[in-house]
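These notes concern the structure reproduced below.
Protein chains in written order, with our numbering: chain D, 1 to 217; chain S, 1001 to 1102.
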């Protein structure tokens, strides 16, 4: 897998897994309006994953579904931040806010890519992500003095930094005015490590697809 | 707070009431309206308005049946019938009246 394709699959996996996690709030979000909004954002993330997998699949001579659903858990390139199952609204919003901040930095770098196709897709995704950021920031503004939210941000900060490649991390630190975590704090959150929650998630996510292997749906 | 949402389907089209969203403030209302009334690309633009900002006006009395305020206040058919009678039923004069009576 070339460096370019690896980068695309990393982002695709992040978006797919986070989209799945966020969709776990459908029907149980704190208000009906939030239910609709958060589910819609989750769906958008999965839509971004699809577009990225399609791009990677062309380079790899496969298709998007195969990439999304037919790999072993160890082959996923998602960051541990997006894998955790967090049935707590403070953590969910903290993760959402931190992820969107990292994603904005990552997409800005991707928009400058020499590869016109990659740069174009990044620009398209970024336009939709603006609304995710609006949503994430308004919740941050609302919860920023709540101890549960403050604790959740602090707890998730190392995992959030680890979403980004090393060269982009200082931007994240500067933007949120938080010190970069030490290497020992980052251990276990770096890409390549996986949360124990990933395997059960993938089992559930691929359940229907695995029930009739090779079927055309 | 309740916010009323008006939706414009195409550029230049009039905004029409689409529904409402409940939100703690204008920023949340903006985000919720965007997801509820825009995620299927069904809207060109939205107006999101606090319900309190809308002044609803009722009580339109028409005790004296002043139908001339309305477009349909002058029933043209009736006028044509009367004109026809006055003209003694000649088709020519009725046509002339009809052509000029926009």
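For glycine and all other residues, C-beta sits at the position ideal for the given N, C-alpha and C.
(message) I need the straight-line Cα distance from residue 194 (chain D) to residue 86 (chain D), nearest angstrom please.
(response) 15 angstroms
(message) Distance check for residue 1017 (chain S) and residue 75 (chain D), CA to CA, integer angstroms please.
(response) 49 angstroms
(message) With three or more beta-carbon pairs closer than 8 angstroms as the criterion, would you say the stretch 8-22 of chain D touches the stretch 38-50 of chain D?
(response) yes
(request) Pair every Cβ in the stretch 135-145 of chain D with every Cβ in the stretch 1017-1035 of chain S, then say whether three or more of these pairs are closer than 8 angstroms. (result) yes
(message) Let's see if you can read the secondary structure: which residues bound the alpha helix (DSSP H) around residue 8 (chain D)?
(response) 3-23
(request) Express the C-alpha separation of residue 78 (chain D) and residue 203 (chain D) in angstroms, rounding to a whole number. (result) 16 angstroms
(request) Express the C-alpha separation of residue 1062 (chain S) and residue 1101 (chain S) in angstroms, rounding to a whole number. (result) Reliability fails at residue 1101 (chain S), whose pLDDT of 44 lies under 50, so the model's placement of it is uncertain and no value is given.
(request) Tell me, please, which residues DSSP counts as bridged to residue 1047 (chain S). (result) S:1006
(message) Check whether the stretch 158-171 of chain D and the stretch 98-106 of chain D touch, using three or more Cβ-Cβ pairs below 8 angstroms as the test.
(response) With three or more CB-CB distances shorter than 8 angstroms, the stretch 158-171 of chain D counts as touching the stretch 98-106 of chain D.
(message) For the pair the stretch 1002-1020 of chain S and the stretch 1041-1056 of chain S, tell me if three or more CB-CB distances fall below 8 angstroms.
(response) The answer is yes - the stretch 1041-1056 of chain S touches the stretch 1002-1020 of chain S, with three or more Cβ pairs under 8 angstroms.
(message) Report the CB separation of residue 1081 (chain S) from residue 1002 (chain S) in whole angstroms; it is logged as a contact under 8 angstroms.
(response) With a Cβ gap of about 51 angstroms, residue 1081 (chain S) and residue 1002 (chain S) do not count as contacting.
(message) Rounded to the nearest angstrom, what separates residue 1047 (chain S) and residue 25 (chain D) at their Cα positions?
(response) 28 angstroms
(message) Three Cβ pairs or more, each shorter than 8 angstroms: is that satisfied between the stretch 172-191 of chain D and the stretch 113-128 of chain D?
(response) With contact defined as three or more Cβ pairs closer than 8 angstroms, the stretch 172-191 of chain D and the stretch 113-128 of chain D are not in contact.
(message) Taking the beta carbon of residue 1085 (chain S) as the centre, do at least 16 other beta carbons fall within 10 Å, making it buried, or is it exposed?
(response) exposed
(request) Classify residue 1 (chain D) as buried or exposed, calling it buried when 16 or more other Cβ atoms lie within 10 Å of its own Cβ. (result) exposed
(request) In angstroms with no decimal places, state the Cα-to-Cα distance between residue 22 (chain D) and residue 142 (chain D). (result) 19 angstroms
(request) Count the other CB atoms, across all protein chains shown, that sit within 10 Å of the CB of residue 1019 (chain S); report buried if there are 16 or more and exposed otherwise. (result) exposed
(message) I'd like the span of the beta strand (DSSP E) that includes residue 1017 (chain S), first residue to last.
(response) 1016-1022
(message) With a threshold of 8 angstroms between beta-carbons, can residue 1007 (chain S) be considered close to chain D, or not?
(response) no
(request) Could you tell me whether any Cβ in chain D is nearer than 8 angstroms to the Cβ of residue 1067 (chain S)? (result) no
(request) Compare the C-beta of residue 135 (chain D) with all C-beta atoms of chain S and state if any pair is closer than 8 angstroms. (result) yes
(request) Report the three-state DSSP secondary structure of residue 86 (chain D) (helix, strand or coil). (result) Residue 86 (chain D) falls in the coil class under three-state DSSP.
(request) Determine the DSSP secondary structure at residue 211 (chain D), reduced to helix, strand or coil. (result) helix
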